[in-house]
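Number of protein chains: 2
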Amino acid sequence: MERTYSISELAREFEITPRTIRYYEDEGLILPDRVGQRRVYSAGDRVRLALVLRGKRLGFSLSEAKDIIDLYSAPQGEAGQLQTLLEKLETKRELLEEKRRDLDATIANMDRYAARCREQLAELEGLNLEAAE
Amino acid sequence: MERTYSISELAREFEITPRTIRYYEDEGLILPDRVGQRRVYSAGDRVRLALVLRGKRLGFSLSEAKDIIDLYSAPQGEAGQLQTLLEKLETKRELLEEKRRDLDATIANMDRYAARCREQLAELEGLNLEAAE
DNA sequence: CTCAAAGTTTACGTTAACGTAAACGTTATG
DNA sequence: CATAACGTTTACGTTAACGTAAACTTTGAG
Numbered sequence: 003m004e005r006t007y008s009i010s011e012l013a014r015e016f017e018i019t020p021r022t023i024r025y026y027e028d029e030g031l032i033l034p035d036r037v038g039q040r041r042v043y044s045a046g047d048r049v050r051l052a053l054v055l056r057g058k059r060l061g062f063s064l065s066e067a068k069d070i071i072d073l074y075s076a077p078q079g080e081a082g083q084l085q086t087l088l089e090k091l092e093t094k095r096e097l098l099e100e101k102r103r104d105l106d107a108t109i110a111n112m113d114r115y116a117a118r119c120r121e122q123l124a125e126l127e128g129l130n131l132e133a134a135e
Numbered sequence: 003m004e005r006t007y008s009i010s011e012l013a014r015e016f017e018i019t020p021r022t023i024r025y026y027e028d029e030g031l032i033l034p035d036r037v038g039q040r041r042v043y044s045a046g047d048r049v050r051l052a053l054v055l056r057g058k059r060l061g062f063s064l065s066e067a068k069d070i071i072d073l074y075s076a077p078q079g080e081a082g083q084l085q086t087l088l089e090k091l092e093t094k095r096e097l098l099e100e101k102r103r104d105l106d107a108t109i110a111n112m113d114r115y116a117a118r119c120r121e122q123l124a125e126l127e128g129l130n131l132e133a134a135e
């Protein structure tokens, strides 16, 4: 048997509140088992939660994150289902690659700027050294 | 003289509304010149707007985007200013690289999954071919 | 000159993603 | 066995990022 988690255990681990996890449940993102009233989270639920939070860090809304994550539990019994799944995966992949282009451009831009700043700084310090001689 | 832009020109180009651009002004992100009452946007304003929208696509809030973009117009006259600017750039760069790790992991994850789906599909179609013989 | 298009300010409305509080049941432990 | 810690539901509050509408001015084309 894999271990399970309480709501506050997961909240602590991911530095969020139980309220947030319950909200994700309301939105259909994570559907834990119940023992009586209490929610009991499986290892799979924990992974899904991690995926939701990673999606959020990348700028996806909860419903966008859900769209992506749900692909990982899509039905795959028939060839047709696998076909449409692969098409959807390709669509999402393109979206992610667009984001990567944006991100790479932002980083490259910043690197060029920082390089210019370092040159500028070297010039200024060069002048100071001359003045000190 | 570089060309200038009206608010609706920029709105059309970036597929947003004039309201959005004015809101960014309220938040201090873009500060166009005025001719009388009318806002007149420079080429630099247009670049800033593009940067704001790119930041949003990457999951930054408007104030986070502002923090980053403002570094590009930080004072650089003195060596000390350049030093602190370089430190801030380094901090933001690390943040961006963390995002890139998240993004790369997401894409790699999806690629592995898609590969398994294709294998699965090949198996299913193999069976169909045998049955057809 | 006229009038439609585009601009302005002000102000209230909306949605996503939670925060916060109340009112209550359950469980572990000293 | 009391009580503190944790859980539950329900419900109202909050903030960021705009949408929408009203009321008004400015400007370019005919």
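Protein chains in written order, with the numbering used here: chain U, 3 to 135; chain S, 3 to 135. Glycine included, every Cβ here is placed at the ideal spot set by N, Cα and C.
Min CB distance residue i to chain S below 7 Å
i, result
"residue 128 of chain U", "no"
"residue 136 of chain U", "Residue 136 of chain U is absent from the model: chain U starts at 3 and stops at 135."
"residue 55 of chain U", "no"
"residue 109 of chain U", "yes"
"residue 95 of chain U", "yes"
"residue 12 of chain U", "no"
Proximity to residue i [Cα-Cα], best of the options
i, options, result
"residue 6 of chain U", "U/129, U/35 and U/78", "U/35"
"residue 42 of chain S", "S/55, S/54, S/56 and S/27", "S/27"
"residue 40 of chain U", "U/54, U/24, U/49 and U/53", "U/24"
"residue 124 of chain U", "S/59, S/75 and S/88", "S/88"
"residue 79 of chain S", "U/122, U/48, U/75 and U/99", "U/122"
"residue 71 of chain U", "U/81, U/53 and U/21", "U/53"
"residue 85 of chain U", "S/126, S/63 and S/95", "S/126"
"residue 95 of chain U", "S/57, S/94, S/106 and S/50", "S/106"
"residue 16 of chain S", "S/4, S/29 and S/48", "S/48"
"residue 130 of chain U", "S/128, S/82, S/37 and S/33", "S/82"
"residue 2 of chain U", "U/98, U/113, U/112 and U/10", "The displayed coordinates of chain U run from 3 to 135. Any statement about residue 2 of chain U would go beyond what the structure contains."
"residue 109 of chain S", "U/101, U/4 and U/115", "U/101"
"residue 62 of chain S", "U/65, U/64 and U/58", "U/58"
"residue 91 of chain S", "U/76, U/91, U/93 and U/119", "U/119"
"residue 73 of chain U", "S/44, S/20 and S/116", "S/116"
"residue 30 of chain S", "S/65, S/75, S/93 and S/76", "S/65"
"residue 45 of chain S", "S/111, S/60, S/22 and S/8", "S/8"
"residue 103 of chain U", "S/33, S/60 and S/128", "S/60"
"residue 32 of chain S", "S/38, S/19 and S/51", "S/51"
"residue 93 of chain U", "S/93, S/112 and S/21", "S/112"
Beta bridge counterpart(s) of residue i as assigned by DSSP
i, result
"residue 35 of chain S", "S/42"
Proximity test, Cβ basis, 7 Å: residue i and chain U
i, result
"residue 32 of chain S", "no"
"residue 51 of chain S", "no"
"residue 39 of chain S", "no"
"residue 116 of chain S", "yes"
"residue 83 of chain S", "no"
Worksheet item: Can you list, in chain order, the residues of the stretch 58-74 of chain S whose Cβ is nearer than 7 Å to any Cβ on chain U?
Response: Flagged, chain order: 59, 60, 61 and 74.
Practice prompt. Note down, one range per segment and in chain order, each beta strand (DSSP E) of at least 3 residues found wholly within the stretch 8-91 of chain S.
Written response: Restricting attention to beta strand (DSSP E) runs no shorter than 3 residues, the stretch 8-91 of chain S encloses them at 35-37 and 40-42, ordered along the chain.
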